[in-house]
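A.B. asks: I have a structure here, written as structure tokens, and I will follow up with some questions on it.
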Amino acid sequence: MTENGVFPKMTRSASDSGSGEDMDETKSGHEMTPLSVSTDLGPASPNGPLRTPKSPSKISIKKRLRAPPGAAKPEETRVLHTHGRRTLYTAGRPPWYNKEGQLKDAFVIGLCGGSASGKTTVARKIIEALDVPWVSLVSMDSFYKVLSHEQHERAIRNEYDFDHPDAFDFDLVISTIQRLKEGKSVNVPIYNFATHARERNMKIIYGANVVIFEGIMAFANAELLKLMDMRVFVDTDSDVRLARRLRRDIAERGREPQGVLKQYMKFVKPSFEHYIEPSMRSADIIVPKGGENNVAINLIVLHVHNQLQARGFKLRSKLAQSSHNGQPMPGSLHILEKTPQVNGLHSFIRDKSTSRDEFIFYSKRLMRLLFEYALSMLPFKDVVVEIQPGVFYHGKRLAVDKIAGVSILRAGETMEQALCEVCKDVSIGKILIQTNLDTGEPELHYTRLPRDIKDQYIFLLDATVATGAAAMMAIRVLLDHDVPEEKIFLCSLLMAESGVHTVAYAFPKVKIVTTAVDRDVNEFFHILPGIGNFGDRYFGTDFSDD
Amino acid sequence: MPEHHEEERQKTVCLQTMEPDVIPLTKTIDDCKVPTNEAENKDLDEYNFGPNFIKLRATEGVRELQTVIRDKNTPRTDFIFYADRLIRLIVEEGLNKLPYRKCSVTTPTGQIYDGLRYEKGNCGVSIVRSGEAMEQGLRDCCRSLRIGKILIQSNEDTHIAKVVYANLPKDINQRKVLLMYPIMCTGNTVITAVKILQENNVNESNIILLNLFCTPTAAHQLVSEFPGMTILTSEVHPVAPTHFGQKYFGTE
Chain A
1074 MTENGVFPKM TRSASDSGSG EDMDETKSGH EMTPLSVSTD LGPASPNGPL RTPKSPSKIS
1134 IKKRLRAPPG AAKPEETRVL HTHGRRTLYT AGRPPWYNKE GQLKDAFVIG LCGGSASGKT
1194 TVARKIIEAL DVPWVSLVSM DSFYKVLSHE QHERAIRNEY DFDHPDAFDF DLVISTIQRL
1254 KEGKSVNVPI YNFATHARER NMKIIYGANV VIFEGIMAFA NAELLKLMDM RVFVDTDSDV
1314 RLARRLRRDI AERGREPQGV LKQYMKFVKP SFEHYIEPSM RSADIIVPKG GENNVAINLI
1374 VLHVHNQLQA RGFKLRSKLA QSSHNGQPMP GSLHILEKTP QVNGLHSFIR DKSTSRDEFI
1434 FYSKRLMRLL FEYALSMLPF KDVVVEIQPG VFYHGKRLAV DKIAGVSILR AGETMEQALC
1494 EVCKDVSIGK ILIQTNLDTG EPELHYTRLP RDIKDQYIFL LDATVATGAA AMMAIRVLLD
1554 HDVPEEKIFL CSLLMAESGV HTVAYAFPKV KIVTTAVDRD VNEFFHILPG IGNFGDRYFG
1614 TDFSDD
Chain B
126 MPEHHEEERQ KTVCLQTMEP DVIPLTKTID DCKVPTNEAE NKDLDEYNFG PNFIKLRATE
186 GVRELQTVIR DKNTPRTDFI FYADRLIRLI VEEGLNKLPY RKCSVTTPTG QIYDGLRYEK
246 GNCGVSIVRS GEAMEQGLRD CCRSLRIGKI LIQSNEDTHI AKVVYANLPK DINQRKVLLM
306 YPIMCTGNTV ITAVKILQEN NVNESNIILL NLFCTPTAAH QLVSEFPGMT ILTSEVHPVA
366 PTHFGQKYFG TE
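This is the structure:
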């Protein structure tokens, strides 16, 4: 096992230095080129902007053209619209479900090839040429089996065969790809090549429209093959591959030519001949010459684009058109009783001449009433408490362990404080959804949710719901995180009838809680008579204001 | 309360002679026992104290607030948190009883919304000390409302309530009054306070009492004494959580 300092250029931590270049030659092939796309899901990437090539960070490479500040590289952020003082960043994730809220499958590309054949380069080129947001790259390296102590010892002596199908946990691979195909988020293990065990933390990969799965044994399992919509084999001449390996391992990793060759002959070459090369038969497309083959890559991209187009559709315009007029309001809708106070508060916040100070004050009062109302709809249990020595009282307590608020940025954020005021210890998640002005479609840009969200009741917060497109997308995100539909409460101050119908139709078990429902939505998707742009009025970013 | 204290207090403001604490018990109230199950809880809801006696709708959420406040094992931070929530609900409900007029407003989309506006000319009066716990809740809804105070202490032996201090807005007789007192056992304190208001020419029908917990005795006492006054409470129950003020202000 090599010491840390032997590869000063390569390493930042012990686990990286041991990430297999010694004991597992095939692996080192993947470690060459860091992809030029951002790797992490949030601003808190521990690895920084992918300077250090290391297996764990390569495990999931997700391309996001617009990510929260700090996550994406600047050149990947495209500013498409500047509307007054507001800048809209487009290229979030467009809807990945139909107007009934049901999922459509992600397009899964399987990428197989021998070690050092250029799989990673091909994957990167496909991602770049595809130019669609929300592509997930999953590497098979994450799914190496956890080794026993004895196997671990053998691995250190270079005697463990990492190039055998048995070295991979295919059950986990299949369940992971299956979930990704369904557009759901997954937890991918982080394999530590120094200890040959999985790290305690998992890597979360969110659902994507295109999933690329690459690995030397990508085609080795029949069930896995079935999940792939397109199978690509990268076929590079074995001389070229050996030459690359030698250059890589000797020049960049300071290893002895003898050792590299010995390992190549003992494990890598037999494995390629036994398992990898025959799996070429399963491929739809064979890419000779690996990453340099632009013609082949363009063909692949063209096909994927056609496929995506065939699956996609315009969601919001459909939602706005879909006529629910005259239908009775759904049973999942709960409207706060219109007392004189509620009506008076509405009069204040709907009035366009209301000052911002008053707007904030009165909308907060309304939110508080809304949340008290929503809370009373949670399940309760009977309890008996002692009120004086010997005197007991039959009362109620919430039968709910934890409640989380999830706000749809930006307007939903205004409701967080009111929720915290009625709900102790509530955890808050955020989802950023913006409308792409070109297509009129909502796009998902950012998701940050509490970890154990699937066990919690969720108050989904948005100040206003017009067409319901954003709310639907947010509910879809929650469902993809395994939150049961009946545990979601969509809380808003004002909804339009069309939005109510859309959400209720797509997700009949989601409770819709609001303080008023208006009849119409205009062509700008504003509610009529409505309240105006709630976020602008609350945060003071409307243009009419001083 | 030692006698000499009582006398000191009598030097201060308004003095009020109280009738002996005779509580006219009707049959209904006589029957009232501490409920021992959910069904009896429901029975308790059936008591009717007339059209001006209003109970907050007993949702499960409200019931939870009451349970936490009543539970003697509730930590103080929780107690305050839940008490403030219940107070806010009572205050919001009380504000519904204030006068308003219809009005139309223009929304930012240029459309008309038919809503309403509240009339000016209201004020709050809290009965010191526990009534002050409700002031913040009222303040959170009406930022610049005038709030007067009345301090009443009752003799622990005789239950005779005495007014020690009262400071009210000058034009209180032209205003609607939101009188705040969270816990009513006998109702004597509130009766004394209302009499003070009446001495200041406040019409009984202009008073809205905001209360959290009320015994049937107090309820009956108040409605028979001041039939024109609006009384708002969250619960009528033979046992009132008398520790409220002490726990809220941490002077247990």
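First to last, the protein sequences are chains A and B.
Note that the first sequence ends on residue 1619 in the working numbering; no numbers are left out.
Note that the second sequence ends on residue 377 in the working numbering; no numbers are left out.
We put the beta carbon where it would ideally sit given N, CA and C, even for glycine.
Going by beta carbon distance, what residues of the same chain come within less than 6 Å of Ser1118(A), once the five residues before and after it are set aside?
C.D. replies: Bear in mind that a pLDDT of 34 at Ser1118(A), under 50, signals an unreliable position, so the model cannot answer this.
A.B. asks: Between Val302(B) and Cys248(B), is the Cβ-Cβ spacing less than 9 Å?
C.D. replies: It is a contact, given that the beta carbons lie within the stated cut-off.
A.B. asks: I'd like the ranges of any alpha helix (DSSP H) spanning at least 4 consecutive residues and lying wholly in the region 1233 to 1280 of chain A.
C.D. replies: You should have 1243 to 1254.
A.B. asks: Tell me Ser1212(A)'s beta-bridge partners as DSSP assigns them.
C.D. replies: According to DSSP, Ser1212(A) bridges with Glu1287(A).
A.B. asks: Touching or not, the region 223 to 234 of chain B and the region 250 to 262 of chain B, by the rule of three or more beta carbon pairs under 8 Å?
C.D. replies: No: fewer than three Cβ pairs fall under 8 Å.
A.B. asks: Spell out the partners DSSP gives Lys227(B) in its beta bridges.
C.D. replies: Note: Lys227(B) sits in a beta bridge opposite Leu241(B).
A.B. asks: Quick check on this structure: which residue in Glu1486(A), Met1546(A), Gly1613(A), Val1313(A) has the alpha carbon closest to the alpha carbon of Leu1566(A)?
C.D. replies: When each option's Cα is compared against that of Leu1566(A), the closest is Glu1486(A).
A.B. asks: In angstroms with no decimal places, state the Cα-to-Cα distance between Gly256(B) and Ile1561(A).
C.D. replies: Taking the straight line from one Cα to the other gives about 38 Å.
A.B. asks: Do you know how far the Cα of Lys1469(A) is from the Cα of Pro281(B)?
C.D. replies: The displayed chain sequence assigns Glu, not Pro, to residue 281(B). Cα-Cα distance, rounded: 33 Å.
A.B. asks: Within the 9 Å Cβ cut-off, does Gln278(B) reach chain A?
C.D. replies: Not one chain A Cβ lies under 9 Å of Gln278(B).
A.B. asks: If you measure from the beta carbon of Glu281(B) to each beta carbon in chain A, is any gap under 9 Å?
C.D. replies: No, Glu281(B) lies away from the interface with chain A (no Cβ there is under 9 Å from its Cβ).
A.B. asks: Would Asp1424(A) count as contacting chain B if we go by Cβ distances under 9 Å?
C.D. replies: Yes - at least one Cβ of chain B is within 9 Å of the one on Asp1424(A).
A.B. asks: From what residue to what residue does the alpha helix (DSSP H) around Glu218(B) run?
C.D. replies: Note, Glu218(B): alpha helix (DSSP H), 201 to 220.
A.B. asks: Quick check: the region 1453 to 1468 of chain A against the region 1593 to 1609 of chain A, are at least 3 beta-carbon pairs closer than 8 Å?
C.D. replies: No, the region 1593 to 1609 of chain A does not touch the region 1453 to 1468 of chain A.
A.B. asks: Counting C-beta neighbours from all protein chains within 10 Å, is the total for Leu1372(A) 16 or more, i.e. buried, or is it exposed?
C.D. replies: By the neighbour-count rule (16 or more Cβ atoms within 10 Å), Leu1372(A) is not buried but exposed.
A.B. asks: Which chain A residues are close to Pro366(B), counting only those with a beta carbon under 7 Å from its beta carbon?
C.D. replies: Result: Ile1460.
A.B. asks: Are the C-beta atoms of Tyr1611(A) and some chain B residue less than 9 Å apart?
C.D. replies: Not an interface residue.
A.B. asks: Rounded to a whole number of angstroms, what is the C-alpha to C-alpha distance between Asp1214(A) and Gly1572(A)?
C.D. replies: If you take the alpha carbons of Asp1214(A) and Gly1572(A), they lie about 44 Å apart.
A.B. asks: My output table needs one value for Gly256(B): the three-state DSSP class, helix, strand or coil.
C.D. replies: If DSSP states are grouped into helix, strand and coil, Gly256(B) belongs with the helices.
A.B. asks: Taking the runs of the alpha helix (DSSP H) that are 4 residues or longer, which of them lie wholly in the region 1306 to 1342 of chain A?
C.D. replies: Listed in chain order, the complete alpha helix (DSSP H) runs (minimum 4 residues) inside the region 1306 to 1342 of chain A are 1311 to 1319, 1330 to 1336.
A.B. asks: For the region 1414 to 1423 of chain A against the region 192 to 206 of chain B, are there 3 or more C-beta pairs whose distance is under 8 Å?
C.D. replies: Segments in contact, no.
A.B. asks: Compare the C-beta of Gln1414(A) against all C-beta atoms of chain B and say whether one is closer than 9 Å.
C.D. replies: Judged by the 9 Å Cβ criterion, Gln1414(A) is in contact with chain B.
A.B. asks: Could you give the DSSP three-state label for Asn1606(A): helix, strand or coil?
C.D. replies: Coil at Asn1606(A), not helix or strand.
A.B. asks: How would you label Glu360(B), buried or exposed, when you count the other beta carbons within 10 angstroms and need 16 or more for buried?
C.D. replies: Label assigned to Glu360(B): buried.
A.B. asks: Whose Cβ in chain B lies nearer than 7 Å to the Cβ of Phe1453(A)?
C.D. replies: Under the 7 Å cutoff, chain B gives Glu185, Glu189.
A.B. asks: Which residues, in order along the region 239 to 260 of chain B, keep a beta-carbon less than 9 Å from a beta-carbon of chain A?
C.D. replies: Per Cβ criterion, the list reads Asp239, Gly240, Leu241, Arg242, Tyr243.
A.B. asks: So the alpha helix (DSSP H) Tyr1446(A) belongs to, where does it begin and stop?
C.D. replies: From DSSP, the alpha helix (DSSP H) with Tyr1446(A) extends over 1429 to 1448.
A.B. asks: Alpha carbon to alpha carbon, what distance is there between Tyr207(B) and Cys1496(A)?
C.D. replies: Roughly 10 Å between the two C-alpha positions.
A.B. asks: Would you identify the three-state DSSP class for Gln1507(A), choosing helix, strand or coil?
C.D. replies: It is a strand residue.
A.B. asks: Taking 8 Å as the cut-off, is the C-beta of Pro363(B) nearer than that to any heavy atom in the ligand PLP?
C.D. replies: For the ligand PLP, the structure offers nothing, since it holds no ligand at all.
A.B. asks: Taking CB distances under 9 Å as the criterion, tell me whether Lys301(B) reaches chain A.
C.D. replies: Chain A, which has no Cβ nearer than 9 Å to the Cβ of Lys301(B), makes this no.
A.B. asks: Within 8 Å, do at least three Cβ pairs link the region 1305 to 1319 of chain A to the region 1253 to 1260 of chain A?
C.D. replies: Short answer: they don't touch.
A.B. asks: In whole angstroms, what is the alpha-carbon distance linking Ile356(B) and Lys1411(A)?
C.D. replies: About 21 Å.
A.B. asks: What does Phe351(B) touch in chain A if you count any residue whose Cβ is under 9 Å from its own?
C.D. replies: Correct list: empty, because the minimum Cβ distance to chain A is about 23 Å.
A.B. asks: Please decide whether Arg134(B) counts as near chain A, where near means a Cβ-Cβ distance under 9 Å.
C.D. replies: Here the model assigns Arg134(B) a pLDDT of 43, short of 50, so the residue's position is not dependable, and the following value carries that caveat. Not closer than 9 Å to any Cβ of chain A, the Cβ of Arg134(B) fails to qualify, so no.
A.B. asks: Quick check on the burial criterion: 16 or more other C-beta atoms within 10 angstroms. Buried or exposed for Asn1606(A)?
C.D. replies: The residue in question, Asn1606(A), is buried, as its Cβ has 16 or more Cβ neighbours within 10 Å.
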